[in-house]
Amino acid sequence: MSKKDEVIAMASDGVAGNLLAALLAEVRLLPDIWPQLNESEQNGVIERLRKKVADSVREAVRAIASEQRVSVSASLKKIVFGDHVEAVFSIAERDPARLDLAQCRGQACLIVVTDAAAHMGGLDDVKGDPDQQTLPGVDGVDSSPGAQIVEQARRRSKRKPPSDKGAQDPFQ
0 MSKKDEVIAM
10 ASDGVAGNLL
20 AALLAEVRLL
30 PDIWPQLNES
40 EQNGVIERLR
50 KKVADSVREA
60 VRAIASEQRV
70 SVSASLKKIV
80 FGDHVEAVFS
90 IAERDPARLD
100 LAQCRGQACL
110 IVVTDAAAHM
120 GGLDDVKGDP
130 DQQTLPGVDG
140 VDSSPGAQIV
150 EQARRRSKRK
160 PPSDKGAQDP
170 FQ
């Protein structure tokens with residue numbers, strides 16, 4: 000792989016995650032909408048954005064790989080090795096490029112495997128804001144002030160209540 004190809008691969012590695020994070024950053028800036036959504040509703044919006052970003056990245060990878068040649072999306076169903084290699088592909092019934100492929104019978108064809116998954120890095124890392132905000136300073140480190148307060152409250156809640164022996168009713 001050439002240096003140029005390595006740079007392109009590194010730049011495109013997490014393109015879907017970067018796009019989704021950029022879209023969500025803009026949505027979060029909507030002053031009266033995003034903060035009013037609970038975490039579940041936010042995750043629903045994120046999931047719809049995630050699907051649109053993933054579809055867009057797949058289409059971009061396909062367009063770049065085709066380099067303006069006739070291109071048809073297909074799934075490899077079967078491959079047979081013998082004196083020569085035979086491959087069977089499955090094409091969507093409504094793919095408009097299927098007719099272009101039919102006209103190419105007898106011509107040399109180039110099979111390009113487009114791996115859009117290689118560009119989907121970070122797509123699942125984006126999450127909605129939690130409904131319950133964390134306590135300031137509670138970051139999982141036992142030495143933080145917030146963690147110490149939480150630990151004290153936990154210990155106190157485990158203490159036994161004072162016994163009733165010898166207790167007098169102050170209202171008598």
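In terms of numbering that gives the first Met the number 0, the sequence shown opens at residue 0 and continues consecutively.
Glycine included, every Cβ here is placed at the ideal spot set by N, Cα and C.
The model shown is predicted, which means the values in this text are computed figures rather than measured ones.
* Three-state class that DSSP yields for residue 126 in the structure shown -> Here residue 126 sits in coil by DSSP.
* Determine contact between the segment 33-48 and the segment 74-89, defined as no fewer than three beta-carbon pairs at a distance below 8 Å. => The answer is no - the segment 74-89 does not touch the segment 33-48, with fewer than three Cβ pairs under 8 Å.
* Asked: Rounded C-beta distance between residue 48 and residue 28? I'm assuming under 8 Å.
  -> About 14 Å separates the two Cβ atoms, so there is no contact after all.
* Asked: Count the other CB atoms within 10 Å of the CB of residue 112; is the residue buried (16 or more) or exposed (fewer)?
  -> Per the 10 Å Cβ criterion, exposed.
* To do: Helix, strand or coil for residue 74, going by three-state DSSP, please let me know.
  => DSSP places residue 74 in strand when its eight states are reduced to three.
* Start-to-end residues for the alpha helix (DSSP H) that takes in residue 45 -> Note, residue 45: alpha helix (DSSP H), 38-65.
* Assign residue 75 to one of two classes, buried (16 or more other C-beta atoms within 10 Å of its C-beta) or exposed (fewer than that). => By the neighbour-count rule (16 or more Cβ atoms within 10 Å), residue 75 is not buried but exposed.
* List the residues that DSSP assigns as beta-bridge partners of residue 90. => Checking the DSSP bridge columns, you'll see residue 90 partnered with 73.
* Integer Cβ distance of residue 90 from residue 73, believed to fall under 8 Å -> Contact between residue 90 and residue 73 holds: CB atoms are separated by about 5 Å, below the 8 Å threshold.
* With a CB to CB cut of under 7 Å and the five nearest residues on each side skipped, what residues in its chain are close to residue 70? -> Setting aside the 5 residues that flank it on each side, residue 70 is surrounded in the same chain by 61 and 96, each with a C-beta closer than 7 Å to its C-beta; the list follows chain order.
* **Selected residue, minimal CA-CA separation from residue 110, among 156, 25 and 65** => Out of 156, 25 and 65, 65 has the C-alpha closest to the C-alpha of residue 110.
* Counting only the same chain and skipping the five closest in sequence on each side, list residues whose C-beta sits under 6 Å from that of residue 87. => Sequence-distant partners of residue 87 (beyond 5 residues in either direction) whose C-beta falls short of 6 Å from its own C-beta, in its chain, are 76 and 77.
* If you drop the 5 nearest sequence neighbours on each side, which residues of the same chain put their C-beta closer than 7 Å to that of residue 94? -> If we look at residue 94 and ignore the five residues flanking it on each side, its Cβ neighbours are 71 and 72.
* Asked: Between which two residues does the alpha helix (DSSP H) carrying residue 192 extend?
  -> Outside the shown range of the chain (0 to 171) lies residue 192, about which nothing can therefore be said.
* To do: Assuming residue 44 and residue 26 form a contact by the criterion Cβ under 8 Å, report the distance between their Cβ atoms to the nearest whole angstrom.
  => Confirmed, about 7 Å.
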